[in-house]
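Okay, so here's the structure we're looking at.
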Amino acid sequence: MKRNPDSALNVLGKTTYIDDMPESADMLHAAIVTSPSAHGTYTGLNTKAALAYAPGVRVLTAADVPGQNELSTSIPDEPMLATGNWHYRGEVLALVLAPTRSIARKAAALVKVEGRVDLPVIVDPRVAFANGDIIMTPRTQRLGDPEAAFKLCDVVVSGRVESAGQEHVYLETQGAIAYPEDSGGVRVISGTQSPAGVQAIVARILGVPMNLVEIETRRLGGAFGGKEDQASGWAALASLGAVKTGKPVKLYLNRRDDMTSTGKRHPYSSDFKIGLKKDGTILAFEADYYQNAGAATDLSPAIIPRTMFHAASAYHIPNVRATGIMCRTNLVPFTAFRGFGGPQGIFVIECAIEKAARQLGMDPAEIQRKNLLSEGDVSHYGMKMVDVRAKETFELCMKKAKWPELRAGIAAFNAENKARKRGAAVLPLCFGISFTKIMLNQGGSLVHVYNDGSVSVATGAIEMGQGVGRKIAVVVSRTLGAPLASVRIESTRTTTVANTVATAASTGADINAMAAQVACLEIKKRLVSLAAAKLGVDAATVDIVDGRVVVGGKSVTALTFAALATMAYENRVDLSAHGFYATPGLHYDMKAEHGTPFLYHVYGCAVVTATVDVLRGSYQFNDAFIVHDIAESIDELVDMGQVEGAFAQGLGWSCLEELKFDATGRLLSDTLSTYKLPDAHFMPELHVDFFTRPNPLVVANSKAVGEPPLMYGIAGYFAVLDALKAARPDGTSFHDLPMTPEKAMLFLTGDLAGDLQKERP
Ligand code: LUZ
Ligand code: MOS
């Protein structure tokens with residue numbers, strides 16, 4: 000096993016995803032009936048034509064739910080099946096079951112909404128805010144006194160920033176298969192990042208205790224946060240169908256249903272104010288983040304604090320105010336997406352720096368450099384920053400990119416060329432690792448060593464293509480001393496490891512490999528003491544390394560790991576153990592908005608260059624230089640895949656992917672022909688180096704890698720903007736992500752409209 004264990008299967012097309020699983024002859028297929036507008040009420044559903052369409056069609060509505068018709072894990076504002084009203088387009092009104100998927104879909108199209116009354120639709124978070132339609136109360140984090148500090152500044156700049164949402168486009172759409180059990184409960188194969196989360200919701204919907212619901216997840220064809228909270232509805236609908244009919248029910252969304260009815264990255268509209276001294280030192284920063292939460296609470300209350308925690312990004316600013324406001328609109332409930340509010344916050348401070356730099360006549364990179372975090376700085380949320388790597392990674396990256404020469408080269412190119420202009424931008428990174436909700440920072444494992452020496456490892460981790468299984472296997476192999484090839488990672492099941500959390504927040508390997516390690520150390524202790532007894536040596540001198548028992552650190556014995564496992568069984572020594580890990584040292588005072596919410600931070604830096612075609616507004620990225628703080632990599636191939644993939648996804652969000660709703664709340668970009676994803680041609684040449692200082696706080700001295708590199712993509716926005724400014728030095732910078740060629744063109748022709756225009760001096 001040299002890489003992600005799924006890689007070979009994927010290449011051969013042999014990997015089994017949910018829709019590849021065998022279907023029993025009695026299996027029913029489900030299709031959803033969704034709301035016809037973004038806001039409305041109705042008196043009932045007419046199902047006559049649907050039921051008459053084919054034999055065996057059934058229609059289930061809210062009235063069929065035996066338990067509680069509620070999907071939310073916070074404020075109860077998200078019914079699984081609508082009850083007389085809807086609040087976004089794509090909300091599920093009914094579930095149609097039929098012997099085939101095609102019949103189910105056709106019958107679903109025949110269900111008619113009766114007594115429909117459309118209501119006003121709000122799509123803009125600022126309008127929702129003005130109407131008082133917010134979720135919970137706004138939160139504010141503070142450090143120092145920004146108001147007073149602005150008075151001491153040489154330059155104070157304010158502005159407005161927009162960032163659009165992002166569609167997850169996991170290759171495998173959402174779905175589940177539910178099998179009825181004779182207990183009255185269900186067994187569900189669910190496409191989720193959080194089997195235990197799905198278990199709780201299914202139990203609630205069915206009105207049964209959690210021990211009658213088993214959820215299993217073998218792997219996902221991608222998730223990116225989209226299946227952290229929002230897989231539960233599909234599993235619960237399938238479970239409802241299974242319990243109501245006594246037959247297995249499969250619900251698998253097609254791409255358009257998935258794009259219309261599932262949440263995405265939150266769009267934000269934000270205001271900032273930044274104050275600096277003439278030399279570029281930032282004295283004060285304020286931001287108000289209007290988060291477009293969509294029609295239900297979902298994970299918004301966990302996402303908004305991550306935005307606020309990243310308000311100052313990789314900079315130390317002595318006076319900060321960051322206010323987060325969750326605004327309720329008539330769009331699909333927005334949800335977790337790789338970075339979880341962090342990218343939105345980081346984009347705002349970078350916009351502020353860009354605007355301030357223009358005012359000061361400085362290169363934004365010089366302001367960035369001047370204000371980077373130092374060892375021992377205290378963040379605006381009261382956390383003392385230790386083992387800070389901001390300056391080192393920044394300088395390494397600038398050196399790697401040959402920044403002064405790069406800048407000079409761009410200036411020379413721009414002086415010579417009229418039709419094409421080049422630009423460059425830098426993005427320093429500081430991303431906090433741990434779930435912002437402290438309770439979620441826990442994980443469990445169950446490790447069995449079989450008596451032939453092969454090893455079975457179960458944890459709460461979900462393999463979604465990111466390679467967490469590979470990392471856990473490496474840690475288990477190293478800890479036990481068992482050969483890597485003998486370690487098998489089991490599918491994730493609620494009956495093997497209970498009460499787990501979502502594989503999310505970049506913590507999948509941190510938490511689950513740690514929990515696995517705890518169990519392995521327990522088993523190893525027993526094996527070592529047995530080996531010591533058999534060899535007649537002191538247990539303190541015995542170790543197991545690479546599949547062999549070793550005495551005194553160097554004398555490799557003939558006793559293999561496998562033989563020792565057999566011996567343990569013969570001597571009635573327990574070869575199984577459960578492990579548990581809770582991230583230490585986390586605390587947060589919600590009232591004071593102060594504490595230590597993160598175990599550590601991930602640092603790094605990216606330099607991105609771009610060339611704009613001034614006549615067309617189109618552009619091309621040239622190079623991306625990245626120095627990423629990986630600490631000690633558990634698997635360099637896996638980690639490089641995460642860095643490159645996250646960067647591509649961040650670049651897509653920043654520049655290319657355009658999630659577009661119209662004023663009636665209809666998603667216009669609801670297919671892959673209207674929603675453009677980054678491809679190989681879009682990507683710059685990548686030059687990635689790892690910064691490898693060990694991180695003693697985590698298993699194997701590693702660092703989390705899943706989300707942080709996504710932020711590097713933000714440099715793409717500013718690289719293009721830099722080139723645009725070279726073409727039109729008179730134009731005012733605009734901060735409206737993504738930086739599509741359309742917007743670039745409008746900037747170049749001086750036709751940028753609307754609120755962006757208002758910002759012009
Ligand atoms: N999920 C979550 C996350 O529940 N809390 C978090 O802090 C988080 N951060 C990143 C991604 N998912
Ligand atoms: Mo979360 S955005 O699923 O890590």
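Going by numbering that gives the first Met the number 0, the first residue of the sequence shown is number 0, and it counts up by one from there. Ideal placement from N, C-alpha and C gives every residue a C-beta, glycine not left out.
Return the chain-ordered ranges of every alpha helix (DSSP H) run that is complete within the segment 36-95 and spans a minimum of 4 residues. 47-52
When we look at the beta-carbon of Pro-65 and count the other beta-carbons within 10 Å, is it buried (16 or more) or exposed? On the sequence shown, residue 65 is found 66 positions in, with the first residue counted as 1. With fewer than 16 other Cβ atoms within 10 Å, it is exposed.
Quick check on this structure: which residue in Leu-359, Asn-9, Pro-119 and Lys-675 has the alpha carbon closest to the alpha carbon of Met-738? Within the sequence shown, the letter at position 739 stands for residue 738. Closest option to Met-738, Cα to Cα, is Lys-675.
Worksheet entry | Proximal residues to Ala-457 (C-beta, below 6 Å), its chain only, five neighbours per side dropped | Within the sequence shown, the letter at position 458 stands for residue 457. For Ala-457, where only same-chain residues beyond five positions count, the Cβ hits under 6 Å are Leu-445, Glu-489, Thr-495 and Val-496.
Quiz item: Any heavy atom of the ligand LUZ closer than 8 Å to the Cβ of Ala-339?
Solution: Locating residue 339 in the sequence shown gives position 340, counting from the first residue. Per the sequence presented here, residue 339 reads as Phe, with Ala not at that position. Phe-339: yes, Cβ under 8 Å from the ligand LUZ.
Measuring only the C-alpha atoms, how far is Gln-756 from Lys-354? Translated into the one-based positions of the sequence shown, residue 756 becomes position 757. Translated into the one-based positions of the sequence shown, residue 354 becomes position 355. In this predicted model, Gln-756 has a pLDDT of only 44, less than 50, meaning its place in the structure is not dependable; the value taken from the coordinates is given anyway. One C-alpha to the other measures close to 15 Å.
CB contact flag (Trp-402, Val-425, <9 Å): Looking up residue 402 in the sequence shown gives position 403. Looking up residue 425 in the sequence shown gives position 426. In this structure, Val-425 lies closer than 9 Å to Trp-402 by Cβ.
Practice task
Would you grab the beta carbon distance between Glu-631 and Ala-699 for me? Rounded to a whole angstrom, and I think it's under 8 Å.
Solution key: Reading the sequence shown from its first residue, position 632 is the one you call residue 631. Reading the sequence shown from its first residue, position 700 is the one you call residue 699. The Cβ separation is near 6 Å, so the contact holds.
Rounded straight-line distance, which links the Cα of Asp-622 to that of Pro-708: Locating residue 708 in the sequence shown gives position 709, counting from the first residue. Locating residue 622 in the sequence shown gives position 623, counting from the first residue. Going by the C-alpha atoms only, they are around 16 Å apart.
Does the beta-carbon distance from Ile-348 to Ile-432 come in below 9 Å?
Within the sequence shown, residue 348 is the residue found at index 349, counting from 1. Within the sequence shown, residue 432 is the residue found at index 433, counting from 1. It is not a contact, given that the beta carbons lie outside the stated cut-off.
- prompt: Would you call Leu-526 buried or exposed, if buried means 16 or more other Cβ atoms sit within 10 Å of its Cβ?
  reply: Looking up residue 526 in the sequence shown gives position 527. Leu-526 should be labelled buried.
> Short check: CB of Ala-538 to CB of Val-448, under 9 Å?
Replying inline: Numbered from 1 along the sequence shown, position 539 holds the residue referred to as residue 538. Numbered from 1 along the sequence shown, position 449 holds the residue referred to as residue 448. Against a cut-off of 9 Å, the Cβ pair of Val-448 and Ala-538 comes out as no contact.
- Got a sec: does the ligand MOS put a non-hydrogen atom nearer than 8 Å to the Cβ of Gln-465? Position 466 of the sequence shown holds residue 465. No - the ligand MOS has no heavy atom lying nearer than 8 Å to the Cβ of Gln-465.
Report yes if the CB atom of Gln-140 is closer than 9 Å to the CB atom of Val-331, and no otherwise. Working through the sequence shown from its first residue, we reach residue 140 at position 141. Working through the sequence shown from its first residue, we reach residue 331 at position 332. The answer is no: Cβ separation not under 9 Å.
| field | Pairwise C-alpha distance: Arg-327 and Ala-295 | value | The residue given as residue 295 occupies position 296 in the sequence shown. The residue given as residue 327 occupies position 328 in the sequence shown. So the two alpha carbons sit approximately 7 Å from each other.
Quick check: is any heavy atom of the ligand MOS less than 8 Å from the C-beta of Gln-173?
Residue 173 sits at position 174 when you count from the first residue of the sequence shown. No, the beta carbon of Gln-173 sits no closer than 8 Å to any heavy atom of the ligand MOS.
Using the three-state DSSP reduction, which class does Tyr-711 fall into: helix, strand or coil? Indexing the sequence shown from 1 puts residue 711 at position 712. Looking at Tyr-711 - three-state DSSP - the assignment turns out to be helix.
Tyr-716 - DSSP class collapsed to helix/strand/coil: Looking up residue 716 in the sequence shown gives position 717. The answer is helix: DSSP assigns Tyr-716 an H, G or I state.
With DSSP as the reference, label Ala-202 as helix, strand or coil. Position 203 of the sequence shown, counting from 1, holds the residue named residue 202. Here Ala-202 sits in helix by DSSP.
Exercise. Note the first and the last residue of the continuous alpha helix (DSSP H) segment covering Ile-409.
Key: Numbered from its first residue, the sequence shown carries residue 409 at position 410. Residues 402-415.
Next on the checklist: Rounded to the nearest angstrom, what separates Val-156 and Gly-651 at their Cα positions?
Outcome noted: Translated into positions along the sequence shown, residue 156 becomes position 157. Translated into positions along the sequence shown, residue 651 becomes position 652. Distance between the alpha carbons of Val-156 and Gly-651: 28 Å.
With DSSP run on the structure shown, which of helix, strand or coil describes Arg-186? For the purposes of this step, residue 186 is identified with residue 187 of the sequence shown, where counting begins at 1. Strand, per DSSP.
Return yes when at least one heavy atom of the ligand LUZ lies under 8 Å from the C-beta of Ala-62, else no. Position 63 of the sequence shown, counting from 1, holds the residue named residue 62. No, the Cβ of Ala-62 stays beyond 8 Å of every heavy atom of the ligand LUZ.
Euclidean distance between Cα positions of Pro-482 and Thr-216: The count along the sequence shown starts at 1 and reaches residue 482 at position 483. The count along the sequence shown starts at 1 and reaches residue 216 at position 217. One C-alpha to the other measures close to 26 Å.
Ala-460 versus Ser-378 - alpha carbon distance: Counting from one through the sequence shown, the residue named residue 460 turns up at place 461. Counting from one through the sequence shown, the residue named residue 378 turns up at place 379. Looking at the two C-alpha atoms, the distance is approximately 31 Å.
Item to complete: Within the segment 507-556, note down every full beta strand (DSSP E) run reaching 3 residues or more, in order along the chain.
Response: 541-544 and 547-550
query: If you run the structure through DSSP and keep just helix, strand and coil, what is Gln-641?
result: Against the sequence shown, residue 641 aligns to sequence position 642. If DSSP states are grouped into helix, strand and coil, Gln-641 belongs with the helices.
query: Near Thr-99, which residues of its chain fall below 7 Å by C-beta distance, leaving aside the five closest residues on each side in sequence?
result: The residue given as residue 99 occupies position 100 in the sequence shown. So the qualifying residues of the chain are His-28.
Self-check item: Cβ neighbour criterion (16 or more within 10 Å) applied to Asp-754
Solution: If you number the sequence shown from 1, residue 754 lands on position 755. Residue placement at Asp-754 is flagged as unreliable, the pLDDT there being 43, under the threshold of 50; the coordinate-derived value follows with that caveat. It counts as exposed.
task = Jot down the residue ranges of each uninterrupted alpha helix (DSSP H) in the segment 363-389, minimum 4 residues, whole runs only, in chain order.
result = 363-369
- Task: Along the alpha helix (DSSP H) that carries Tyr-568, what are the first and last residues, could you check?
- Result: The residue given as residue 568 occupies position 569 in the sequence shown. Unbroken alpha helix (DSSP H) run through Tyr-568: 560-569.
Exercise. Once you ignore the five residues that flank Gly-640 on each side, which residues in its own chain have a CB closer than 7 Å to its CB?
Worked result: In the sequence shown, counting from the first residue as 1, residue 640 sits at position 641. Here the set comprises Gly-466.
Strand pairing of Glu-635, partner residues [DSSP]:
On the sequence shown, residue 635 is found 636 positions in, with the first residue counted as 1. In the DSSP output, where bridge partners are listed per residue, Glu-635 has none listed.
Compute every distance between the C-beta of Glu-569 and the non-hydrogen atoms of the ligand LUZ, then say whether any falls below 8 Å. Within the sequence shown, residue 569 is the residue found at index 570, counting from 1. Every heavy atom of the ligand LUZ is 8 Å or more from the Cβ of Glu-569, so no.
Ala-159, enclosing beta strand (DSSP E) - first and last residue:
Position 160 of the sequence shown, counted from the start, is the residue given in the question as residue 159. Note that residue 159 is Arg in the sequence shown here, rather than Ala. Where Arg-159 is concerned, the enclosing beta strand (DSSP E) stretches over 154-162.
Given the structure, does Phe-434 come close to the ligand LUZ, in the sense that its CB is under 8 Å from one of the ligand's heavy atoms? Here the question's residue 434 lines up with position 435 in the sequence shown. Answer for Phe-434: yes, Cβ within range of the ligand LUZ.
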